[in-house]
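Residue numbers (my numbering): 29 to 414.
Everything on this sheet refers to the single structure shown next.
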Amino acid sequence: MLLDRLQADLATLNEQALRRVRRTLDTPCGPHATVDGREILAFCSNDYLGLAGHPQLVCALAAGAQRWGAGSGASHLVSGHYRVHDELEARLAAFVGMDSALYLSTGYMANLGVLPALLGRGDAVFADRLNHASLVDGALLSRASLRRYPHGDVEALTRLLETSDAPCKAIVTDSVFSMDGDLAPLTELLALAERHDCWLIVDDAHGFGVLGPQGRGALAAAGLASWRLIYIGTLGKAAGLAGAFVAGQRDVLAWLLQKMRTYIFTTGAPPALAQALLASLELIEHGDERRARLNALIEQFRAELRLTRWRLLPSATAIQPVQVGDNAETLALAQALWDEGLWVPAIRPPTVPQGSARLRVSLTAAHGAEDVRRLTAALKRLEQTL
Ligand SMILES: *Cc1c(COP(=O)(O)O)cnc(C)c1O
C-alpha cells in the first residue's frame, strides 16, 4: 500500500540521520533569539547585513501597507502591477548596472522561470555541479540537455562546450556557492560564454548587498558587463525582506516578461513589500559600515578556528562551512552546540554531496565579536570531546 511505503521511507530517513525537523522562533530574525522556548545564539540566517529586523524596514513595510493596501490582487500582467513595483525595478537595475529588471516573488521562482524562457528541447545548459537546487530544477523544466561540470572547473566546462552543437546554450552558476561559501570564476565563465556564444546566468543570492562597491553584487565586484549576462539577485537574504529580481539587457528582459511562466502565472507580490525594498536598497547602498563589521567577523572566525579533526572549508564570505563528513556525527555536533545554546544548522545530503555533511555557520553584521568567540571556543572544545 502507498501509505506503508511512505512510512517505511520516513523510517529510513530517521535511521540515516537524514530526517529534517523545523524549529520555531518566537522572536524576530536576529542572532539572539527565543527558539522552541529557549534563548539561543543563532548562526543560521542569511540576513547578512542584519536588516531583517531593522526598525526602518519595519516602518517602511507598515507605511507601504498604509499607502498600497495589503495585497496586489492579481498577477502583474493582469492588474497586480503597481507604480512602486516599477520604481523598485528601475532602482534594482540601476543598482546592479543593468538596463532593466523584473521583480519576482521568490528567488526559487526566478531560477525556475529564466531557463525555460530562454531554452528548450535540443538546447543545452552547462551548470556547476554545486549550483543551488532551484537552478537545477529550472534547467530540468526547460527540457534542454543538462550538462553538469565539476565545481568551478573551467577546463572541464571548456571541453563540454567544445563538443556541443546545441543551437542555444547557457552557462549557469551561483556566484557565492550557498553551502560552501566560495566564489565562481565569473571572469573566466564570461570569456567562455563569449567564445561559445552562450548566455551566462549568475545567481547572486549570497552576493547581492554584500559583495562589490556599495553591495552592488558579484558582477560589480568582478567588474563584468555584457548583454550575455543575466543577473539574479534575491531579496530575502542581505536585503532582509522577500522576493528576487532578474536583471539584464533591455530586450532580454522584454522577452522574459513575455515568457517567464513563474512571473506571468502568479499573483504579484504585495506592493508594500516593494516599498520596503526601496528602503532596504537605501540601507544597502549606505551600508559600508555593516559590510566592514561583517568582514571583520569573518576574519575573526577564521583566525580563531584552527581545527584538526574537522575541516573549515576555504571561504572568504559570510558562509563558513565546517565539514565533518559523516551525517550522524554532524548531527551530534549540531546537537551538542544546541545544548550549549548555540544554533548552527547541520547540512546533509542531498543538499550537499554524500560524505560531505557539514555545519553551515553564517555570520551577520548583527553578530558581535563575543558571539563569534563563544562559537569558536565551543567548536574547538567539542572537537576534542565529542
Ligand atoms: C536562497 C537561494 C535561492 C532562492 O531564493 P529565495 O528567494 O529564498 O526563494 C536561490 N539561489 C540560491 C543560491 C539561494 O541560496
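Glycine residues also receive a C-beta, built at the ideal position from the N, C-alpha and C atoms.
**OP:** Select from 58, 342, 183 and 352 the residue whose C-alpha is nearest the C-alpha of residue 78.
**Re:** 58
Subject >> Simplified DSSP assignment, three categories, for residue 155 >> reply: strand
**OP:** Starting from residue 123, follow the alpha helix (DSSP H) in both directions and report where the run begins and ends.
**Re:** 111 to 123
Original post:
Taking all protein chains shown into account, do 16 or more other C-beta atoms lie within 10 angstroms of the C-beta of residue 395, making it buried, or fewer, making it exposed?
Top reply: buried
**OP:** Verify the contact flag: residue 179, CB atom, against every heavy atom of ligand 1, threshold strictly below 6 Å.
**Re:** no
Original post:
Considering only C-alpha positions, which residue in the set 66, 43 and 46 is nearest to residue 52?
Top reply: 66
Original post:
If you follow the beta strand (DSSP E) that residue 391 is part of, which residue opens it and which one closes it?
Top reply: Per DSSP, residue 391 belongs to no beta strand (DSSP E) and is neither H nor E.
Original post:
Taking the C-alpha atoms as reference points, what is the distance between residue 31 and residue 43?
Top reply: 19 Å
Original post:
DSSP state of residue 103, grouped into three classes?
Top reply: strand
Original post:
In three-state DSSP terms, what is residue 76?
Top reply: coil
**OP:** Note down, in chain order, each residue of its chain lying with its Cβ closer than 8 Å to the Cβ of residue 289, except the 5 sequence neighbours on either side.
**Re:** 141, 144 and 145
Original post:
Near ligand 1, which residues have their beta-carbon less than 6 Å from any of its heavy atoms, given in chain order?
Top reply: 134, 135, 136, 139, 160, 162, 202, 206, 231, 233, 234, 262, 264 and 272
Original post:
Hey, residue 205 and residue 158: beta-carbon distance below 7 Å or not?
Top reply: yes
Original post:
When you compare each of 219, 258 and 262 to residue 237 by their alpha carbons, which one comes out closest?
Top reply: 262
Subject >> Identified DSSP bridge partners for residue 229 >> reply: 200 and 258
**OP:** Quick one: residues in its chain with C-beta nearer than 7 Å to the C-beta of residue 64, no 5 flanking neighbours on either side, listed in chain order?
**Re:** 51 and 52
Original post:
Using a Cβ-Cβ cut-off of 7 Å (strictly less than) and excluding sequence neighbours within five positions of residue 121, which residues of its own chain qualify?
Top reply: 127, 128, 129 and 275
**OP:** Since I believe residue 391 is in contact with residue 341 (beta carbons under 8 Å), could you give me their beta-carbon distance rounded to a whole number of angstroms?
**Re:** Between residue 391 and residue 341 the Cβ distance is about 14 Å, and since that is not below 8 Å, they are no contact.
Original post:
Near residue 222, which residues of its chain fall below 8 Å by C-beta distance, leaving aside the five closest residues on each side in sequence?
Top reply: 254 and 256
**OP:** Report yes if the C-beta distance between residue 152 and residue 194 is below 7 Å; otherwise report no.
**Re:** yes
Original post:
By how many angstroms is the C-alpha of residue 248 removed from the C-alpha of residue 74?
Top reply: 20 Å
Original post:
For residue 325 versus residue 389, is the C-beta distance shorter than 7 Å?
Top reply: no
Original post:
Touch check for the stretch 271 to 286 and the stretch 307 to 320: three-plus C-beta pairs under 8 Å?
Top reply: no
**OP:** Would you kindly report the start and end of the unbroken alpha helix (DSSP H) that includes residue 164?
**Re:** 161 to 170
Original post:
Would the beta-carbon of residue 199 fall within 7 Å of that of residue 174?
Top reply: no
Original post:
Given residue 136, which residues of its chain have a CB within under 7 Å of its CB, disregarding the five upstream and five downstream residues?
Top reply: 162
Original post:
Would the beta-carbon of residue 328 fall within 7 Å of that of residue 88?
Top reply: no
**OP:** Grab the span of the beta strand (DSSP E) containing residue 236 for me, first residue to last.
**Re:** Residue 236 -> no beta strand (DSSP E), and no H or E assigned at all.
Original post:
Can you find at least 3 beta carbon pairs, one from the stretch 295 to 315 and one from the stretch 172 to 190, that sit closer than 8 Å?
Top reply: no
Original post:
Alpha carbon to alpha carbon, how far is residue 166 from residue 139?
Top reply: 6 Å
**OP:** Look at the alpha carbon of residue 283 and the alpha carbon of residue 291, and state the distance between them as a whole number of angstroms.
**Re:** 12 Å
Original post:
Is residue 349 helix, strand or coil when you go by DSSP?
Top reply: strand
Subject >> Close Cβ partners of residue 172 (< 6 Å) along its chain, the five nearest in sequence each way excluded >> reply: 147, 151, 152 and 153
Subject >> residue 183, buried or exposed, once every other Cβ within 10 Å from all chains shown has been counted against 16 >> reply: exposed
Subject >> 7 Å Cβ cutoff met for residue 377 and residue 99 >> reply: no
Original post:
Once you ignore the five residues that flank residue 96 on each side, which residues in its own chain have a CB closer than 7 Å to its CB?
Top reply: 110, 112, 299, 300 and 303
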